[in-house]
Structure formats: C-alpha cells, structure tokens
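>
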Amino acid sequence: ELKNRIMEIEENNEIATIALARTKSSIKRLRLEYSVLTEKLEQNVILDEIDSEFNVASIYDANTINGAKYRDPSIPKRPTNPYLQFCEVEKDNTKKTISNFADLSKELAKKWKALTKEESKPYYNLYEEDKARYHRDMVAYSAK
C-alpha cells in the first residue's frame, strides 16, 4: 500500500514538474514579448514627440480648407449618368404610387433593370449630350 502511495506521489511530482517547466517557459516568452512591446511603445512616443514639434497646419496644402480640398465653385458640373437621368424623369410617376423614399429608390432600381436596351437608349442619349456639354464647358473653363 505504501509503495502504491509512493508511486502515486512520484507521478504527481512528475506532472507538477512538467507544469512548472511549461509555466517557466511561458513566463520567459511573455517577458520577452513585454519588452518588445515596450520598445515599440517608446519608439512611437519618440516619433509622436518629433511630429508634434512640426506645425501640423504646414503639412496641409495651401489649397485645402480644414483638411478638405478646395473646389472651385465655377468648375462645370459633371454629366449625370443614365440611371440618374431615368430617376429624374420617372420619380414623379413612381412617387404617386409609393410614399416611402427607400421603397421609391428600390422601385426605380427595379424599373431601370427591367428596361430593354431600346427603352434605356434615350437616357444614354441624354447622358452623351450632357457629357458633350461637360467637355465643352471644361475646355472653356481650362482656357480661363
């Protein structure tokens, strides 16, 4: 009975020794990871201090306002795509049957997808005319 008890204690000792070795190795790994992370943090703090020495406003381009690019209000508007041309024409007809804006958008999208090439051709023609207008206006704008 004592021999069995001794063997049981020795097995428990081996298990505890293995667990202790695993714990020691994980502690070493975590200490190394901690030191690497603290080094990275220190480098980031140093870089932030260097960046803060420069005037942040000087980084932005002279053509920006509040970080957003300045847009000339006299620049010509871009051409409206065929789908939006279709929506402008069909919106009033569809609004009569549908009151919710989200449903209106979905219904217009369904109608657009249901159009054949021949039915959508007028909207593409409107787009091409608008595109030609845009190019003419851009040439005139660029000449200024």
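The sequence shown begins at 4 in my numbering and counts up by one. Note that beta-carbon positions come from the ideal geometry of N, C-alpha and C, so glycine has one too.
Does the distance from the CB of Y126 to the CB of F89 come in under 8 Å?
Locating residue 126 in the sequence shown gives position 123, counting from the first residue. Locating residue 89 in the sequence shown gives position 86, counting from the first residue. Taking 8 Å as the Cβ cut-off, Y126 and F89 qualify as a contacting pair.
> So, is P76 buried or exposed, given that buried needs 16 or more other C-beta atoms within 10 angstroms?
Stepping through the sequence shown from its first residue, residue 76 is reached at position 73. Exposed.
> Could you tell me if L50 is buried or exposed, where buried requires 16 or more neighbouring beta carbons within 10 angstroms of its beta carbon?
Here the question's residue 50 lines up with position 47 in the sequence shown. The residue in question, L50, is exposed, as its Cβ has fewer than 16 Cβ neighbours within 10 Å.
> Go ahead and pull the three-state DSSP assignment for T80.
Taking the sequence shown and counting its residues from 1, one reaches residue 80 at position 77. This sequence places Lys at residue 80; Thr is not what is there. In this structure, K80 counts as coil in the three-state DSSP scheme.
> Ordered along the chain, which non-local residues of its own chain (more than five positions away) have a Cβ less than 7 Å from that of E93?
Counting from one through the sequence shown, the residue named residue 93 turns up at place 90. Within the same chain, E93 has close Cβ partners L111, K114.
> Near D140, which residues of its chain fall below 7 Å by C-beta distance, leaving aside the five closest residues on each side in sequence?
The residue given as residue 140 occupies position 137 in the sequence shown. Result list for D140: P79, in chain order.
> So, is L23 buried or exposed, given that buried needs 16 or more other C-beta atoms within 10 angstroms?
For the purposes of this step, residue 23 is taken as residue 20 along the sequence shown, with counting starting at 1. With fewer than 16 Cβ atoms within 10 Å of its Cβ, L23 is classed as exposed.
> Roughly how many angstroms separate the alpha carbons of P35 and V48, rounded to a whole number?
The count along the sequence shown starts at 1 and reaches residue 35 at position 32. The count along the sequence shown starts at 1 and reaches residue 48 at position 45. According to the sequence displayed, residue 35 carries Leu and not Pro. Going by the C-alpha atoms only, they are around 20 Å apart.
> Hey, E85 and K134: beta-carbon distance below 8 Å or not?
Position 82 of the sequence shown, counting from 1, holds the residue named residue 85. Position 131 of the sequence shown, counting from 1, holds the residue named residue 134. One point to set straight first is that residue 85 is Pro, not Glu, in the sequence displayed. For P85 and K134, no; Cβs fall outside 8 Å.
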